[in-house]
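Chemist: Structure incoming, see below.
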Amino acid sequence: MASPSDVHRPSPVSASFPPPRHPGSSDGQGHEVDLPRIVPRRHAGRWLTAAAALLVFAMMVNSVVRNRAFQWDVVGRYLTTTAVLEGLLLTLWLTGVVMVLGFLLGTPLAVMRLSANPVLRTLSWGYVWIFRSTPLLVQLLFWVNIGALYPTLGLGIPFGPEFVTVKTVDLLGPTLTAVIGLTLHEAAYAAEVVRGGILSVDAGQTEAAQALGIGRPRALRRIVVPQAMRAIVPTAGNMLIGTLKGTSIVSVLAVHDLLYSVQLVYNQTYQVIPLLMVATVWYIAVTTVLSAGQFYVERHYARGSARALPPTPLRRLRIRLADLRARLERATARRG
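The opening position of the sequence shown corresponds to residue 89 in my numbering, with each subsequent residue numbered one higher.
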């Protein structure tokens with residue numbers, strides 16, 4: 089058994105290493121002791137990589153800005169002309185209509201694909217299979233020439249007499265044909281997007297709703313779909329941007345969208361590169377706005393009781409500026 093003298097005797101370790109002092113502490117004689125400042129680790133490779141990337145980017149920007157072949161004065165002159173703005177408005181209208189109609193048709197297809205009815209499930213799968221397997225340009229050209237297969241379209245009793253008959257050529261113009269072709273194509277992808285979002289929701293949500301006596305349609309509308317929006321919105325945003333750019337393919341149908349309007353101008357002036365840059369600038373501007381909107385829509389549906397939302401780009405900038413201001417103030421105070 090240890091004696092009392094052994095209990096109160098300090099250990100060699102504690103005698104050799106005095107307890108650490110905090111900043112502003114005294115060394116026992118009334119003098120303040122400053123502990124060494126912790127210096128963060130230097131990342132030389134990171135800075136060298138960033139400098140090399142910035143150098144390459146600066147060279148690319150310089151080659152674009154100083155290259156006279158782009159004719160930036162011509163780009164600025166045609167950027168807001170009436171023909172270009174009318175083509176831009178038609179492109180935006182076509183994008184909005186196709187996306188709305190595509191999801192209105194794709195959502196029932198997704199529900200049919202998840203149905204227990206084998207007929208509905210097979211029909212939905214077949215629709216998605218056909219329209220995803222065929223190139224969009226082929227589909228548009230097919231709808232343009234649909235009059236060769238069906239010269240007239242009628243409304244009447246199935247397998248019986250027709251009450252109203254109209255010529256297909258008179259009914260389907262270039263713009264309507266583009267809307268039909270793009271909508272049917274987008275609906276196939278929208279169906280897969282909605283189906284994937286519904287499958288991302290845990291099956292226990294549906295089981296809990298059924299245990300509470302909530303019907304399947306209501307549970308799907310009020311419980312499953314709102315939670316599935318977290319998975320649907322990012323992919324739907326990518327589809328929206330893809331549709332915006334994909335509408336340029338309707339120029340082969342002589343639809344006066346943004347690209348076709350630009351083509352009409354450079355076919356007369358032979359200034360191909362500047363006019364293509366006009367279309368590029370507008371596509372980039374609209375895509376940037378849509379990307380910003382997608383970011384905030386994703387934040388809206390990402391809310392939750394146990395999920396911290398990431399800061400917005402503006403909030404990140406404010407934090408960085410505040411941190412930089414604090415560092416400058418500390419450096420100034422240290423020098424003074």
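Ideal Cβ placement from N, Cα and C applies to all residues, glycine included.
Note that the structure is predicted; figures quoted are calculated from it, not measured.
Whose C-beta lies closer than 8 Å to the C-beta of LEU211 among residues of the same chain, with five residues either side of it excluded?
Modeler: Apart from sequence neighbours up to five positions away, the residues of its chain that approach LEU211 with a beta-carbon distance below 8 Å are MET200, ordered along the chain.
Chemist: Does DSSP classify THR222 as helix, strand or coil?
Modeler: coil
Chemist: Which stretch, first to last residue, makes up the beta strand (DSSP E) that contains VAL254?
Modeler: Looking at the DSSP string, the run of the beta strand (DSSP E) that includes VAL254 is 250 to 255.
Chemist: On a CA-only basis, which of THR253, ALA279, MET148 and LEU347 is nearest THR323? Give me that one, please.
Modeler: ALA279
Chemist: Roughly how many angstroms lie between the CA atoms of SER235 and THR256, to the nearest whole one?
Modeler: Sequence check: residue 235 is Gly here, not Ser. When rounded, the distance between both Cα atoms is 5 Å.
Chemist: Would you check if there are 3 or more beta carbon pairs closer than 8 Å linking the stretch 368 to 382 to the stretch 162 to 182?
Modeler: yes
Chemist: Indicate the three-state DSSP secondary structure (helix, strand or coil) for LEU228 in the structure shown.
Modeler: helix
Chemist: Straight-line CA distance for VAL281 to HIS131?
Modeler: 42 Å
Chemist: Tell me GLY242's beta-bridge partners as DSSP assigns them.
Modeler: THR253
Chemist: Which residue from LEU229, PRO305, TYR389 and ALA380 puts its Cα closest to that of PRO401?
Modeler: ALA380
Chemist: Name the residue from LEU328, GLN298 and LEU237 whose alpha carbon lies nearest to the alpha carbon of LEU378.
Modeler: LEU328
Chemist: Using the C-alpha atoms, what's the distance from GLY133 back to PRO124?
Modeler: 26 Å
Chemist: What separation, rounded to the nearest whole angstrom, lies between the Cα atoms of VAL162 and ASP258?
Modeler: Those two C-alpha atoms are separated by around 40 Å.
Chemist: Evaluate VAL289 with the Cβ neighbour count: other Cβ atoms within 10 Å of its Cβ, from every protein chain shown; 16 or more gives buried, anything less gives exposed.
Modeler: buried
Chemist: Rounded to whole angstroms, what is the Cα-Cα separation between HIS110 and PRO128?
Modeler: Bear in mind that a pLDDT of 49 at HIS110, under 50, signals an unreliable position, so the number given afterwards is only what the model happens to contain. Roughly 19 Å separates the two Cα atoms.
Chemist: Does the distance from the C-beta atom of ILE311 to that of ALA297 stay below 8 Å?
Modeler: yes
Chemist: Short of 6 Å in beta carbon distance, which residues of its chain neighbour SER336, apart from the five on each side in sequence? Order them along the chain.
Modeler: LEU347
Chemist: In angstroms, rounded to a whole number, what distance separates the CA positions of THR195 and LEU409?
Modeler: 45 Å
Chemist: Can you tell me whether ARG418 is helix, strand or coil according to DSSP?
Modeler: helix
Chemist: For ASP345, which option in TRP231, PRO246, PHE383 and TRP181 has the closest C-alpha, if you only look at C-alpha atoms?
Modeler: TRP181
Chemist: Is it the case that the stretch 220 to 234 contacts the stretch 245 to 254, given that we only count it when at least three CB pairs across the two stretches are under 8 Å?
Modeler: no
Chemist: Among the residues of its own chain, which have a CB less than 8 Å from the CB of ALA157, if the five just before and after it don't count?
Modeler: ILE361
Chemist: Helix or strand or just coil, what does DSSP make of SER212?
Modeler: For SER212, the secondary structure class from DSSP, reduced to helix, strand or coil, is helix.
Chemist: At 4 residues or longer, what runs of the alpha helix (DSSP H) sit wholly inside the stretch 114 to 176?
Modeler: Listed in chain order, the complete alpha helix (DSSP H) runs (minimum 4 residues) inside the stretch 114 to 176 are 132 to 153 and 160 to 166.
Chemist: Can you check whether the CB of VAL340 is closer than 8 Å to the CB of LEU224?
Modeler: Not closer than 8 Å, so no.
Chemist: Which ranges does the alpha helix (DSSP H) cover as unbroken runs of at least 4 residues, wholly within the stretch 297 to 356, from first to last along the chain?
Modeler: 304 to 307 and 313 to 334
Chemist: Would you kindly work out how many angstroms separate the C-alpha atoms of GLY214 and GLN382, rounded to a whole number?
Modeler: 31 Å
Chemist: Output the distance between the C-alpha atoms of ARG415 and HIS388, rounded to the nearest integer angstrom.
Modeler: 34 Å
Chemist: If I'm right that GLN315 touches GLY269 with Cβ under 8 Å, what's the distance once you round it to whole angstroms?
Modeler: Rounded, the Cβ-Cβ distance is 33 Å, inconsistent with contact.
Chemist: Using only the alpha-carbon positions, how far apart do THR263 and SER221 sit?
Modeler: 24 Å
Chemist: Tell me the residue span of the alpha helix (DSSP H) that contains SER379.
Modeler: 360 to 389
Chemist: Starting from PRO66, follow the alpha helix (DSSP H) in both directions and report where the run begins and ends.
Modeler: Nothing about residue 66 can be read from this structure; the chain reaches only from 89 to 424.
Chemist: Output the boundary residues of the alpha helix (DSSP H) element that contains ALA276.
Modeler: 262 to 287
Chemist: Name the residue from GLU295, ILE320, THR265 and VAL353 whose alpha carbon lies nearest to the alpha carbon of ARG283.
Modeler: ILE320
Chemist: Rounded to the nearest angstrom, what separates ALA140 and VAL149 at their Cα positions?
Modeler: 14 Å
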